[in-house]
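Participant: Protein chains in written order, with this note's numbering: chain A, 1 to 153; chain B, 1001 to 1108. Glycine is no exception: its CB is placed at the ideal position from the N, C-alpha and C atoms. Before we start, here is the structure in question, set down as structure tokens.
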Amino acid sequence: MDRRTFIKASAGAVAGTLLANQLTSALAQGGLEGEDLANLEKGLRQVLGKGFRDLTVSQQVKLVAPTIAESGANVPVEIEASLPADQVKAIHCFCDKNANPLLFTVILNGVLPYYATRVRVAETAPVRAVVETKDGRFLLASQSVRVTVGGCG
Amino acid sequence: MAINILIRFTPAKPKAGEEVRVQIVVQHPMEPGTRRDGTGKLIPADHINEVNVLFDNQLIAQVKPGPGTSANPLFAFKMRAAKAGQLKVTCKDLNGQTGEKTADLALA
Chain A
1 MDRRTFIKAS AGAVAGTLLA NQLTSALAQG GLEGEDLANL EKGLRQVLGK GFRDLTVSQQ
61 VKLVAPTIAE SGANVPVEIE ASLPADQVKA IHCFCDKNAN PLLFTVILNG VLPYYATRVR
121 VAETAPVRAV VETKDGRFLL ASQSVRVTVG GCG
Chain B
1001 MAINILIRFT PAKPKAGEEV RVQIVVQHPM EPGTRRDGTG KLIPADHINE VNVLFDNQLI
1061 AQVKPGPGTS ANPLFAFKMR AAKAGQLKVT CKDLNGQTGE KTADLALA
């Protein structure tokens, strides 16, 4: 292999790894505890008509939830998007292992892109906040919540 | 029986243009439909499925909670206090019960 072909080949390889990295980071944010993408996908398709792959992981969405919840029946969740208020259309929230993965949907119309509530988490699983923008983007933030006593049984 | 709703503003009397946090608590058991009673029978689902928040009769937010929302749920929003007005919250559950509550937002 001469120098030129070597450079070409390695450039391709680097680009390939980058692409693969991006894909996996969108799919699994560092392997959260108790992920159940099959169940989540079901809920996502039902509500958004989109699967997990169509969502973009974004730093603009801030999800505050406890890492360990004593009781799954009452888990405080706070979602905040650092976007202008007129750009956010709705906030959806999902939990991977709940029988019904959709926790709630909030349609915002004139309030700031912030929402706080308390949710039930069936067992240790990630909670995911999906912020829907007016231009049709879906921004995702996830956090795993470890639950000692389930909240749905 | 009508559903009881509590509304609180933080700060209670914001300055014009200030961010105000609106906390709404609804007193409701929010049965998810997955729990069983003592004899092993499923308790039928009975949860709030719609909450509308209106400011001066204009819809500013709508929540559609699923079964995965806690009992006596809290719904908190943030809004800019541009003017004084009346906040109205209405909610509806699966059994068709409704609740309504108004609160006046006053500026400092």
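So what's N1004(B) in DSSP terms, helix, strand or just coil?
Facilitator: Within the second sequence, residue 1004(B) is the residue found at index 4, counting from 1. N1004(B) sits in a strand when the DSSP states are folded into three classes.
Participant: List the residues of chain A that F1075(B) touches, going by C-beta distances under 7 Å, in chain order.
Facilitator: For this step, residue 1075(B) is matched to residue 75 along the second sequence. Result: T117.
Participant: Starting from V47(A), trace the alpha helix (DSSP H) both ways and give me its first and last residue.
Facilitator: Here residue 47(A) refers to the residue found at position 47 of the first sequence. Counting along the chain, the alpha helix (DSSP H) containing V47(A) begins and ends at 37-48.
Participant: Nearest by alpha-carbon distance to R137(A): which of V77(A), E78(A), P66(A), K89(A) is it?
Facilitator: On the first sequence, residue 137(A) is found 137 positions in, with the first residue counted as 1. Among V77(A), E78(A), P66(A), K89(A), the Cα nearest to that of R137(A) belongs to K89(A).
Participant: How many angstroms separate the CA atom of D86(A) from the CA atom of G110(A)?
Facilitator: By one-based count along the first sequence, residue 86(A) stands at place 86. By one-based count along the first sequence, residue 110(A) stands at place 110. Roughly 7 Å separates the two Cα atoms.
Participant: Could you name the residues that DSSP lists as bridge partners for A1076(B)?
Facilitator: Here residue 1076(B) is taken as the residue at index 76 of the second sequence, counted from 1. A116(A), Q1023(B).
Participant: Given a threshold of 16 other Cβ atoms within 10 Å of its Cβ, counted over all protein chains shown, does K1041(B) qualify as buried or as exposed?
Facilitator: Along the second sequence, read from residue 1 onward, the residue named residue 1041(B) stands at position 41. It counts as exposed.
Participant: Alpha carbon to alpha carbon, what distance is there between S82(A) and P113(A)?
Facilitator: One-based indexing of the first sequence puts residue 113(A) at position 113. One-based indexing of the first sequence puts residue 82(A) at position 82. Cα-Cα distance, rounded: 8 Å.
Participant: If you compare alpha carbons, which of A1084(B), G1099(B), T1098(B), T1069(B) is closest to V1020(B)?
Facilitator: As a position in the second sequence, residue 1020(B) is number 20, starting the count at 1. Taking only the C-alpha atoms, the option nearest V1020(B) is A1084(B).
Participant: Ignore the nearest five residues each way along the sequence and tell me which others in A1106(B)'s own chain have a CB closer than 6 Å to its CB.
Facilitator: Here the question's residue 1106(B) lines up with position 106 in the second sequence. The answer, listed in chain order, is K1013, A1084.
Participant: Just the C-alpha distance for E78(A) and R4(A), rounded to the nearest angstrom, thanks.
Facilitator: Here residue 78(A) is taken as the residue at index 78 of the first sequence, counted from 1. Here residue 4(A) is taken as the residue at index 4 of the first sequence, counted from 1. Each residue's Cα considered, the two are about 53 Å apart.
Participant: By the 9 Å beta-carbon criterion, what residues does the stretch 1059-1073 of chain B contribute toward chain A?
Facilitator: L1059, I1060, A1061, Q1062, V1063, K1064, P1065, G1066, P1067, G1068, T1069, S1070, A1071, N1072, P1073
Participant: Out of L1074(B), K1092(B), A1082(B), which has the shortest C-alpha to C-alpha gap to L1006(B)?
Facilitator: Taking the second sequence and counting its residues from 1, the one referred to as residue 1006(B) is at position 6. Checking every option, the nearest Cα to that of L1006(B) belongs to L1074(B).
Participant: Nearest chain A C-beta to K1078(B) closer than 8 Å, yes or no?
Facilitator: Counted from its first residue, the second sequence places residue 1078(B) at position 78. Yes, its Cβ sits closer than 8 Å to a Cβ of chain A.
Participant: Specify, as a first and last residue, the run of the beta strand (DSSP E) that T148(A) falls within.
Facilitator: Sequence index remark: in the first sequence, residue 148(A) carries index 148 (1-based). 138-149 is the span of the beta strand (DSSP E), which, as asked, contains T148(A).
Participant: Which of the residues in the stretch 1012-1027 of chain B, read from start to end, lie with their CB under 9 Å from any CB of chain A?
Facilitator: Flagged, chain order: E1019, R1021, V1022, Q1023.
Participant: Could you compute how far the alpha carbon of E1100(B) sits from the alpha carbon of P1029(B)?
Facilitator: Taking the first residue of the second sequence as position 1, residue 1100(B) is located at position 100. Taking the first residue of the second sequence as position 1, residue 1029(B) is located at position 29. In a straight line, the C-alpha of E1100(B) is about 17 Å away from that of P1029(B).
Participant: Cβ closer than 8 Å: which chain A residues qualify as neighbours of T1039(B)?
Facilitator: For the purposes of this step, residue 1039(B) is identified with residue 39 of the second sequence, where counting begins at 1. Simply none; closest approach about 16 Å.
Participant: Can you tell which of L108(A), E35(A), C93(A) has its C-alpha closest to the C-alpha of P84(A)?
Facilitator: The residue labelled residue 84(A) in the question sits at position 84 within the first sequence. Out of L108(A), E35(A), C93(A), L108(A) has the C-alpha closest to the C-alpha of P84(A).
Participant: Using the beta-carbon count (16 or more within 10 Å), is G1017(B) buried or exposed?
Facilitator: If you number the second sequence from 1, residue 1017(B) lands on position 17. Flag for G1017(B) reads exposed.
Participant: Looking at D1046(B): is its Cβ nearer than 8 Å to the Cβ of D1093(B)?
Facilitator: Against the second sequence, residue 1046(B) aligns to sequence position 46. Against the second sequence, residue 1093(B) aligns to sequence position 93. A contact, by the Cβ cut-off of 8 Å.
Participant: Compute the distance between the beta-carbons of L140(A) and T56(A), then report whether it is under 8 Å.
Facilitator: Position 140 of the first sequence, counting from 1, holds the residue named residue 140(A). Position 56 of the first sequence, counting from 1, holds the residue named residue 56(A). It is a contact, given that the beta carbons lie within the stated cut-off.
Participant: Any beta carbon from chain B within less than 8 Å of F104(A)'s own beta carbon?
Facilitator: Residue 104(A) sits at position 104 when you count from the first residue of the first sequence. Yes, F104(A) lies at the interface with chain B (some Cβ there is under 8 Å from its Cβ).
Participant: Return helix, strand or coil for D1046(B), following the three-state DSSP convention.
Facilitator: Start at 1 with the first residue of the second sequence, and residue 1046(B) comes out as number 46. If DSSP states are grouped into helix, strand and coil, D1046(B) belongs with the strands.
Participant: Consider the Cβ of L40(A): report whether some Cβ of chain B lies at a distance smaller than 8 Å.
Facilitator: To locate residue 40(A), count along the first sequence from 1; it is residue 40. Cβ-Cβ to chain B under 8 Å: no for L40(A).
Participant: In the DSSP assignment, what residue or residues form a beta bridge with L1039(B)?
Facilitator: Locating residue 1039(B) in the second sequence gives position 39, counting from the first residue. A small fix is needed here, since residue 1039(B) is Thr in this sequence, not Leu. Answer is none; T1039(B) lacks a bridge partner.
Participant: Out of I1048(B), I1043(B), A1081(B), point me to the one whose CA is closest to T1090(B)'s CA.
Facilitator: As a working note, residue 1090(B) is residue 90 in the second sequence. Answer by Cα proximity: I1048(B).
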